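Residue numbers (the numbering used here): 1 to 251. Data first, discussion second: the structure below is written as structure tokens.
Now the structure itself:
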């Protein structure tokens, strides 16, 4: 599990001394405008961002921006015992003034109370890992959990894709190794190195590791690469269904 951050680089004309009036503490919303017909534009939301740094001269200004995950780059100490993943995620998001898209997506497992301090972003990633997903800030500026068994967001037909390459190697998870703050690792299942996933998660315990393994062991796949005409509305982790000329379906 990870807690990923989106970034954007924007360059535009420096008119009316924009840089001197820039308040980097305030968020702003970015949309991508697409000309779809004569004088008809459609706007695709890209999300809420903060300015991390900017460069300006007499002609242009360049902004380096990151989404609300920037707020999570601060150390947080966990002082309460027997917290569940949902309770920890709720506590972190609330303390930073960030909404959660759907708390029911997150695991209800009780976490190990860590002895070290971690950033809110690290803790969010560990909680996402126990929940068998990845944490993102969605386009509405809320914390969301993306899982590999979610809903299909786009279907790509033969009219929209250009090439694909499917690996000959079939992969299935048969063994999970979890490193925690303890010297002893949690090992569940048995399999070769090619069938093993090794992770580091200080919040994990035997119960949560077993639940993770039960989910991961249901997954099997062949790696593949594909190129298609794209969609700027897609977010990281969105699931795409691709059908080739032989009616083979790739998810």
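Here a beta-carbon is modelled for each residue, glycine too, at the ideal position from N, C-alpha and C. For clarity, every value in this text was computed on a predicted model and none was experimentally measured.
Cβ separation of residue i and residue j, assumed to be a contact under 8 Å, to the nearest whole Å
| i | j | result |
| --- | --- | --- |
| residue 234 | residue 212 | At roughly 27 Å, the Cβ-Cβ gap does not stay under 8 Å, so residue 234 and residue 212 are not in contact. |
| residue 208 | residue 107 | 7 Å |
| residue 127 | residue 89 | 5 Å |
| residue 45 | residue 139 | 5 Å |
| residue 12 | residue 74 | Actually they do not touch by this definition, with Cβ atoms about 31 Å apart. |
Beta-carbon gap between residue i and residue j smaller than 8 Å
| i | j | result |
| --- | --- | --- |
| residue 129 | residue 47 | no |
| residue 113 | residue 145 | no |
| residue 163 | residue 227 | yes |
| residue 179 | residue 200 | yes |
| residue 6 | residue 102 | no |
| residue 316 | residue 4 | The question about residue 316 has no answer, for the chain in this structure spans 1 to 251. |
| residue 173 | residue 188 | no |
| residue 49 | residue 30 | yes |
| residue 100 | residue 142 | yes |
Residue i, buried or exposed, once every other Cβ within 10 Å from all chains shown has been counted against 16
| i | result |
| --- | --- |
| residue 72 | buried |
| residue 242 | buried |
| residue 111 | buried |
| residue 312 | No answer is possible for residue 312: the residues shown for the chain start at 1 and end at 251. |
| residue 219 | exposed |
| residue 190 | exposed |
| residue 40 | exposed |
| residue 109 | buried |
Beta-carbon contacts of residue i that lie in its chain and below 8 Å, excluding the five residues immediately before and after
| i | result |
| --- | --- |
| residue 76 | 92, 95, 117, 118, 119, 120, 123 |
| residue 57 | 14 |
| residue 160 | 228, 229 |
| residue 181 | 112, 114, 115, 116, 202 |
| residue 81 | 113 |
| residue 195 | 171, 172, 173, 174, 175 |
| residue 131 | 1, 85, 105, 106, 107, 145, 147 |
Chain-order list of residues whose beta-carbon lies under 6 Å from that of residue i (same chain, five-residue window excluded)
| i | result |
| --- | --- |
| residue 42 | 34, 36 |
| residue 155 | 241 |
| residue 24 | 51 |
| residue 203 | 111, 112, 126 |
| residue 69 | 5, 137 |
| residue 215 | 132 |
| residue 205 | 112 |
| residue 32 | 44, 46, 232 |
Residues near residue i by beta carbon distance below 7 Å, same chain, minus five either side
| i | result |
| --- | --- |
| residue 165 | 224, 225 |
| residue 210 | 188 |
| residue 183 | none |
Distance cut-off 7 Å: residue i Cβ against heavy atoms of the ligand NAP
| i | result |
| --- | --- |
| residue 200 | What this structure holds is no ligand at all, so the ligand NAP is not there to describe. |
Which residue spans inside the segment 72 to 101 form an unbroken beta strand (DSSP E) run of at least 3?
none
Taking the runs of the beta strand (DSSP E) that are 3 residues or longer, which of them lie wholly in the segment 120 to 189?
133 to 137, 143 to 147, 152 to 156, 161 to 172, 175 to 179, 186 to 189
Run through the segment 34 to 60 for me and flag every whole beta strand (DSSP E) of 3 or more residues, listed as ranges in chain order.
Fully enclosed beta strand (DSSP E) runs of 3 or longer: 40 to 56.
Beta strand (DSSP E) segments (min. 3 residues) lying fully within the segment 217 to 242:
220 to 228
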